[in-house]
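A short worksheet on the structure shown next.
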Amino acid sequence: RGLLGKGSVLAVTAYPHRTSPVLRGKWILENLLGTPPPPPPPNVPALKENGGTRPQSMRERMAEHRTNAVCASCHSMMDPPGFSLESFDAVGRRRTVDEAFEPIDRSGVLPDGTTFTGVAGLRDALLARPDRFVATLTEKLMIYGLGRGIEYYDQPAVRQVMREAGQHEYRFSALILGIVKSVPFQMRTHE
Numbered sequence: 004r005g006l007l008g009k010g011s012v013l014a015v016t017a018y019p020h021r022t023s024p025v026l027r028g029k030w031i032l033e034n035l036l037g038t039p040p041p042p043p044p045p046n047v048p049a050l051k052e053n054g055g056t057r058p059q060s061m062r063e064r065m066a067e068h069r070t071n072a073v074c075a076s077c078h079s080m081m082d083p084p085g086f087s088l089e090s091f092d093a094v095g096r097r098r099t100v101d102e103a104f105e106p107i108d109r110s111g112v113l114p115d116g117t118t119f120t121g122v123a124g125l126r127d128a129l130l131a132r133p134d135r136f137v138a139t140l141t142e143k144l145m146i147y148g149l150g151r152g153i154e155y156y157d158q159p160a161v162r163q164v165m166r167e168a169g170q171h172e173y174r175f176s177a178l179i180l181g182i183v184k185s186v187p188f189q190m191r192t193h194e
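Its first residue numbered 4, the sequence shown is counted upward by one per residue in the working numbering.
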């Protein structure tokens, strides 16, 4: 299942009682693609609880956000990757039907137009363009290793780490070794 199917990722991107395609999609955009959406406008109403005569699927409920022009621009980017994870409940257990007891629609489209279905499809779409994913991962690892944020003057080192890791099929060990050998890591100060 990889990172996207890990219970810790799925739980931190859900509410205690239900999944959240928005939180999950936002997490994917921020942490895997390096393209965080802007903050939501103030006073966004909560998603209505599933009531009425017929329970609605999460996708149907999320459609409300995309009908409002102010919300649609961000939700059209965040929701689709989040829908790919709907086959996992709030704590990461696999499921085949949603709250409305309907089969889960796990299909979506990334901001660049790439279509996918489910976690495996999203993973394949992300790995088809490793440069975006690896750049974000390298920056996140470097932030952790340096104990500070990435500055403009760190970007050549990030690119160097990526180039070297690319020669080794972007293996995680190659990224770590590249970061440890980088000038910013070697010259970091201890506070």
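Even for Gly, the Cβ is constructed at its ideal location relative to N, Cα and C.
{"Asked": "DSSP on SER110, reduced to helix/strand/coil?", "Found": "strand"}
{"Asked": "Have a look at the DSSP bridge pairing and note the partners of VAL100.", "Found": "PRO106"}
{"Asked": "Report the three-state DSSP secondary structure of THR22 (helix, strand or coil).", "Found": "coil"}
{"Asked": "Here's a check: name, in chain order, each residue in its chain whose Cβ is nearer than 7 Å to the Cβ of LYS29, leaving out the five neighbours to either side.", "Found": "PRO40, MET81"}
{"Asked": "Look at the alpha carbon of ASP92 and the alpha carbon of SER176, and state the distance between them as a whole number of angstroms.", "Found": "32 Å"}
{"Asked": "Anyone know if the C-beta pair for ARG27 and LEU88 falls short of 8 Å?", "Found": "yes"}
{"Asked": "Pairs of beta-carbons, one from the stretch 61 to 68 and one from the stretch 13 to 26, closer than 8 Å: are there three or more?", "Found": "yes"}
{"Asked": "Is the stretch 152 to 168 in contact with the stretch 102 to 121, if contact means three or more CB pairs nearer than 8 Å?", "Found": "no"}
{"Asked": "Buried or exposed for MET190, going by 16 or more other Cβ atoms inside 10 Å?", "Found": "exposed"}
{"Asked": "Name the residue from VAL47, LEU178, ARG64 whose alpha carbon lies nearest to the alpha carbon of GLU142.", "Found": "LEU178"}
{"Asked": "Please report the straight-line C-alpha distance between LEU32 and PHE136, rounded to a whole angstrom.", "Found": "10 Å"}
{"Asked": "Residue range of the beta strand (DSSP E) that THR192 falls in?", "Found": "Per DSSP, THR192 belongs to no beta strand (DSSP E) and is neither H nor E."}
{"Asked": "Enumerated in chain order, which unbroken segments of the alpha helix (DSSP H) with a length of 4 residues or greater are wholly contained in the stretch 112 to 182?", "Found": "121 to 131, 133 to 149, 158 to 169"}
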